[in-house]
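These notes are about the structure you will find just below.
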Amino acid sequence: MPVEVRLPTVLRSAAGGSSSVTAEGATIGEVLQNLIAAFPAMAGQVLTEDGTLHRFVNVYVNDDDVRYLEQLHTKVAEGDTVSILPAVAGG
Amino acid sequence: MVAHCLGAFPEEGCGLLGGQPDTGTVGTCYPTANAAASARVYTVDPRDHLRADRAAEARGESIIGVFHSHTHTDAYPSRTDVDQAPDPSWHYVLVSLRETQPVVRSYRIVAGEVTEEPVRVVEPAAFAVVEPERG
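Chains as they are written, first to last, in the numbering used here: chain B, 1 to 91; chain A, 1001 to 1135.
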């Protein structure tokens, strides 16, 4: 089922400038894999080569950070909004 | 920005800046929690970031930058700041609290290269501070 995926500015150029796209999947992992399949320029920016969530991004289902849910196994349903934001940190 | 950083002292304070990407004009300051709770490093609390992002969109703005304090060093991006800079289109504002008088400076960080940019206060009355609505 398709869900809305909201993109941060840094990933929009990889999606033709769109701030929001739709992607299929029953879990966050499937949604992100399908997102990268649709927009290959995002490869390496969202998931690592090992297929884990990249530490430089935070991914949310609606209001919740998936790291505090079931990570890539977090289930999504039609009508959910997935948001990707950069992890903002420094020294 | 400075008030939030002073309030966070002795830890580093941080927050996001909402504004217009094309002009670089900042209209809104979104103070965020420092999830690292440290005097040496900062992490913008991820849920505060999501709240700020949504609030910015509702105000017709985008998040166009981040500010954080250095409690004992200059208002210049650290090596960690440069290595972890999340977005080349953003403005990176440093607030140094080393001296009695806080120092505020802004930078672009593109592909590891740091360039200072001038900061100009255009219209103080147009600058809003929006605290995160934590549910």
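Heads up, the beta-carbon is just placed ideally off N, CA and C, and yes, glycines get one too.
Own chain residues within Cβ distance below 8 Å of residue i, not counting five before or after
{"i": "threonine 1073 of chain A", "result": "Ser1096 and Arg1098"}
{"i": "valine 31 of chain B", "result": "Val3, Val5, Ala23, Glu24, Gly25, Val76 and Val82"}
{"i": "arginine 1040 of chain A", "result": "Glu1012"}
{"i": "valine 1110 of chain A", "result": "Pro1088"}
Given residue i as reference, the closest of the options once Cα atoms are compared
{"i": "glutamate 965 of chain A", "options": "B/Pro2, B/Thr48 and B/Thr9", "result": "Given a span of 1001 to 1135 for chain A in the structure shown, any question on residue 965 of chain A remains unanswerable."}
{"i": "valine 1122 of chain A", "options": "A/Gly1019, A/Ala1008, A/Tyr1030 and A/Thr1071", "result": "A/Gly1019"}
{"i": "glutamate 1133 of chain A", "options": "A/Asp1081, A/Arg1120 and A/Asp1053", "result": "A/Asp1053"}
{"i": "threonine 1044 of chain A", "options": "A/Gln1084, A/Thr1071 and A/Ser1078", "result": "Correcting the residue identity first, residue 1044 of chain A is valine in this sequence and not threonine. That would be A/Gln1084, whose Cα lies nearest to the Cα of valine 1044 of chain A."}
{"i": "leucine 1016 of chain A", "options": "A/Tyr1092, A/Ala1003 and A/Tyr1076", "result": "A/Tyr1092"}
Residues that residue i contacts on chain B, provided the C-beta gap is smaller than 9 Å
{"i": "glutamine 1084 of chain A", "result": "Phe56, Ala87, Val88, Ala89, Gly90 and Gly91"}
{"i": "serine 1078 of chain A", "result": "Gly90 and Gly91"}
{"i": "valine 1041 of chain A", "result": "Ala89, Gly90 and Gly91"}
{"i": "aspartate 1022 of chain A", "result": "The premise fails here: aspartate 1022 of chain A is roughly 12 Å from chain B at the closest Cβ pair, so nothing lies under 9 Å."}
First and last residue of the uninterrupted alpha helix (DSSP H) at residue i
{"i": "arginine 1108 of chain A", "result": "Where arginine 1108 of chain A is concerned, there is no enclosing alpha helix (DSSP H), although the beta strand (DSSP E) it sits in stretches over 1103-1110."}
{"i": "threonine 1080 of chain A", "result": "1079-1083"}
{"i": "threonine 9 of chain B", "result": "9-12"}
{"i": "proline 1046 of chain A", "result": "1046-1058"}
Amino acids of chain A, ordered along the chain, whose beta-carbon sits closer than 9 Å to that of residue i
{"i": "valine 10 of chain B", "result": "Pro1086, Asp1087, Pro1088, Ser1089 and Trp1090"}
{"i": "serine 20 of chain B", "result": "Here the premise fails: no neighbours, minimum Cβ distance about 10 Å."}
7 Å CB neighbourhood of residue i in its chain, flanking five on each side removed
{"i": "alanine 15 of chain B", "result": "Leu7, Val21 and Phe39"}
{"i": "arginine 12 of chain B", "result": "Ser18 and Ser19"}
{"i": "threonine 74 of chain B", "result": "Thr27, Ile28, Val61 and Val66"}
{"i": "proline 1021 of chain A", "result": "Ser1062, Ile1064 and Ser1089"}
{"i": "phenylalanine 1009 of chain A", "result": "Thr1071 and Leu1097"}
Chain-order list of residues whose beta-carbon lies under 6 Å from that of residue i (same chain, five-residue window excluded)
{"i": "threonine 1115 of chain A", "result": "Arg1108"}
{"i": "alanine 1128 of chain A", "result": "Thr1028"}
{"i": "serine 1069 of chain A", "result": "Cys1005, Glu1012, Gly1013, Val1095 and Leu1097"}
{"i": "asparagine 34 of chain B", "result": "Ala23, Glu24 and Gly25"}
Under 7 Å from the C-beta of residue i: neighbouring residues of chain A
{"i": "aspartate 65 of chain B", "result": "Pro1046 and Arg1047"}
Contact list for residue i against chain B, beta-carbon separation under 8 Å
{"i": "serine 1106 of chain A", "result": "Neighbours of serine 1106 of chain A on chain B: none; closest Cβ ~14 Å, over 8 Å."}
{"i": "leucine 1006 of chain A", "result": "Ordered by position in chain B, no residue passes the 8 Å Cβ test against leucine 1006 of chain A, which lies about 19 Å from the chain."}
Within chain B, partners of residue i - CB distance below 7 Å
{"i": "aspartate 1074 of chain A", "result": "Correct list: empty, because the minimum Cβ distance to chain B is about 13 Å."}
The beta strand (DSSP E) enclosing residue i, as first and last residue numbers
{"i": "glutamate 1113 of chain A", "result": "1113-1117"}
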